[in-house]
Amino acid sequence: VAIHPLHAMRKSPLGQNFLVDSEIAKSIVELADINTEDDVVEIGPGKAILTQRLLPLSRSLTAIELDPKLCRELENRFKNEAYSFRIIEGDAAKYDYSSLEQGFKVVSNLPYYAATHIMKKLIHFGNRIQSMTLMMQKEVVDRLTAEPGNKEYSSLSVYVQYHCQVERLLEIPNTAFSPRPKIDSTLFSLKPLPRPMVQVQDPQLFFKIVNAAFFHKRKMLKNNLKAWKNNFKNEQGQIYLAGIDLSRRGETLTMSEFANLANYIHSSNE
Ligand code: SAM
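Position in the sequence shown (from 1) plus 13 gives the number in our numbering.
In structure tokens form, the structure reads like this:
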């Protein structure tokens with residue numbers, strides 16, 4: 014019988030590709046570096062392959078799970094254990110993390126469909142978080158860790174590296190999951206920086222410029238940054254902004270060069 018494409022798509026609702034390789038689960042928990050002083054937040058515990066290892070290591074564990082059926086299973090499974098374990102039934106992308114005590118560590122094998130969204134939400138609350146050990150689709154992690162000049166370098170790379178120290182930890186093949194996804198995954202860590210990577214006067218303007226610079230990836234900066242053309246300087250036919258040659262492409266600019274652009278525009282428009 015032919016499988017209707019919709020059914021094929023529904024195979025992993027809510028990004029439910031469960032990790033089934035216990036050796037990999039063990040490595041993830043080791044790399045997350047949890048000790049008995051730590052309050053841990055696990056997003057999407059699913060069938061608890063990570064949860065069961067995290068519980069004995071941590072001071073407390075708060076699990077945020079969207080699927081009500083899995084929440085009931087988790088409650089039943091751990092109800093007689095002595096651990097400090099709490100389940101919050103809800104959407105991790107909407108949760109107010111400021112309601113948790115400061116200084117927690119996040120561990121998650123994130124659901125693919127919402128991974129970037131949830132990560133950005135966590136970064137927003139970064140000053141309350143010690144570290145995040147996250148698993149996501151490899152292609153996205155390639156972008157998070159990319160450096161200038163690399164073809165994966167994008168506005169997401171700048172966003173994440175501005176706020177956090179990023180480290181790639183482990184490559185995980187699709188065979189480690191059930192149902193098996195089409196793509197491979199990567200485990201990485203984010204450590205929120207006490208101060209952003211570069212000093213910018215107006216962070217909103219900084220990110221507006223970064224997003225514009227990458228908007229048409231193949232175009233030169235003088236096209237992508239037209240909104241600020243009043244600040245352009247023409248020297249012998251070459252166009253510059255804050256001393257940066259605008260015939261370059263956004264993907265070649267370092268974080269400091271983006272900061273120079275933003276601070277220059279900010280001070281000239283004051
Ligand atoms: N931690 C388990 C593991 O490693 O096998 C499950 C990981 S699975 C990739 C993602 C989990 O996140 C699923 O249990 C799914 O129900 C849950 N989930 C999906 N969307 C969510 C959301 N928006 N908020 C919280 N949990 C979510």
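Think of the CB as a built atom: it goes at the ideal place given N, C-alpha and C, for glycine as much as any other residue.
I need the straight-line Cα distance from Ile37 to Ala189, nearest angstrom please.
Within the sequence shown, numbered from 1, the residue matching residue 37 stands at position 24. Within the sequence shown, numbered from 1, the residue matching residue 189 stands at position 176. Ile37 and Ala189: Cα-Cα distance of roughly 8 Å.
### Task
My understanding is that Glu88 touches Ile100, with C-beta atoms under 8 Å, so please give their C-beta distance in whole angstroms.
The residue given as residue 88 occupies position 75 in the sequence shown. The residue given as residue 100 occupies position 87 in the sequence shown. The beta-carbon distance between Glu88 and Ile100, rounded to whole angstroms, is 6 Å. This is short enough to meet the 8 Å contact definition.
For this session: Answer with buried or exposed for Pro192, where buried requires no fewer than 16 other C-beta atoms within 10 angstroms of its C-beta.
Result: Start at 1 with the first residue of the sequence shown, and residue 192 comes out as number 179. Using a 10 angstroms sphere on the CB of Pro192, the tally of other CB atoms stays under 16, which defines it as exposed.
| message | Between Leu79 and Ser121, how many whole angstroms is the CB-CB distance? I'm expecting something under 8 Å. | response | If you number the sequence shown from 1, residue 79 lands on position 66. If you number the sequence shown from 1, residue 121 lands on position 108. Contact flag wrong, Cβ pair sits at about 12 Å.
- [ ] Identify every run of the beta strand (DSSP E) within the region 22-71, keeping only runs that are complete inside it and at least 3 residues long; order them along the chain.
- [x] Listed in chain order, they are 52-56.
For the alpha helix (DSSP H) containing Ser170, name the first residue and the last one.
Translated into positions along the sequence shown, residue 170 becomes position 157. Segment Ser168 to His176, the alpha helix (DSSP H) holding Ser170.
Closer than 6 Å to a non-hydrogen atom of the ligand SAM - does that hold for the CB of Glu160?
The count along the sequence shown starts at 1 and reaches residue 160 at position 147. No, Cβ of Glu160 sits at least 6 Å from all heavy atoms of the ligand SAM.
Shortest alpha-carbon distance to Lys7 belongs to which of Glu114, Pro58 and Ser97? What is shown of the chain runs 14 to 283, which leaves residue 7 out entirely.
Closer than 7 Å by C-beta to Lys204: which residues in its own chain qualify, once you throw out the five before and the five after it? Chain order, please. In the sequence shown, the residue the question calls residue 204 occupies position 191. Hits under 7 Å: Ser144, Cys177 and Gln178.
query = Span of the alpha helix (DSSP H) holding Arg193?
reply = Start at 1 with the first residue of the sequence shown, and residue 193 comes out as number 180. Looking at the DSSP string, Arg193 is not in any alpha helix (DSSP H), and its letter there is neither H nor E.
Quiz item: In or out: Gly103 buried (at least 16 other Cβ within 10 Å) or exposed?
Solution: Locating residue 103 in the sequence shown gives position 90, where the first residue counts as 1. Note on Gly103: under 16 other CB atoms within 10 angstroms of its CB, so exposed under the neighbour-count rule.
Inter-residue Cα distance where the pair is Ser168 and Arg72
Residue 168 sits at position 155 when you count from the first residue of the sequence shown. Residue 72 sits at position 59 when you count from the first residue of the sequence shown. Taking the CA atoms as reference points, Ser168 sits about 37 Å from Arg72.
Item to complete: Pick out the complete beta strand (DSSP E) segments inside the region 74-108, 3 residues or longer, and give them in chain order.
Response: Counting only runs of 3 or more, we get 98-102.
**Report entry** Closest by C-alpha distance to Arg2, when choosing among Leu238, Pro186, Val173 and Arg181
**Finding:** Since the displayed the chain opens at 14 and closes at 283, residue 2 lies outside it and no answer follows.
request  = Compute every distance between the C-beta of Ala272 and the non-hydrogen atoms of the ligand SAM, then say whether any falls below 6 Å.
outcome  = Sequence index remark: in the sequence shown, residue 272 carries index 259 (1-based). The answer is no for Ala272.
May I ask you to report which of helix, strand or coil DSSP gives Met268?
Translated into positions along the sequence shown, residue 268 becomes position 255. In the structure shown, the three-state DSSP call for Met268 is helix.
query: Quick one, are the C-beta atoms of Ser260 and Met233 less than 7 Å apart?
result: Here residue 260 refers to the residue found at position 247 when the sequence shown is read from its first residue. Here residue 233 refers to the residue found at position 220 when the sequence shown is read from its first residue. Closer than 7 Å, so yes.
For a quick check, are the C-beta atoms of Ile142 and Ala106 less than 7 Å apart? Locating residue 142 in the sequence shown gives position 129, counting from the first residue. Locating residue 106 in the sequence shown gives position 93, counting from the first residue. Taking C-beta atoms as the reference points, Ile142 and Ala106 fail to come closer than 7 Å.
Return yes when the Cβ of Val54 is within less than 7 Å of the Cβ of Ile47, no when it is not.
-> In the sequence shown, the residue the question calls residue 47 occupies position 34. In the sequence shown, the residue the question calls residue 54 occupies position 41. No, they are not a contact pair.
*asked:* Buried or exposed, going by whether 16 or more other CB atoms sit within 10 Å of the CB of Phe228?
replied: Along the sequence shown, one-based indexing puts residue 228 at 215. Flag for Phe228 reads exposed.
- Query: Thinking just about the alpha-carbon of each residue, which of Asn237, Val223, Ala61 and Gly28 is nearest to the one in Pro124?
  - Reply: On the sequence shown, residue 124 is found 111 positions in, with the first residue counted as 1. When Asn237, Val223, Ala61 and Gly28 are compared, the shortest CA-CA separation from Pro124 is found for Gly28.
Which runs of the alpha helix (DSSP H), 4 residues or longer, sit entirely within the region 196-277? Complete alpha helix (DSSP H) runs here, min 4: 216-226 and 234-237.
For this session: Please report how far the alpha carbon of Asn273 lies from the alpha carbon of Ala255, in whole angstroms.
Result: Residue 273 sits at position 260 when you count from the first residue of the sequence shown. Residue 255 sits at position 242 when you count from the first residue of the sequence shown. When rounded, the distance between both Cα atoms is 6 Å.
Going by the DSSP bridge assignment, what does Ser144 pair with across the sheet?
Working through the sequence shown from its first residue, we reach residue 144 at position 131. Beta-bridge pairing links Ser144 to Lys118.
*asked:* Please tell me whether Phe91 and Lys60 are closer than 7 Å, where the distance is taken between their beta carbons.
replied: To locate residue 91, count along the sequence shown from 1; it is residue 78. To locate residue 60, count along the sequence shown from 1; it is residue 47. No, the pair does not count as a contact, with Cβ atoms beyond the cut-off.
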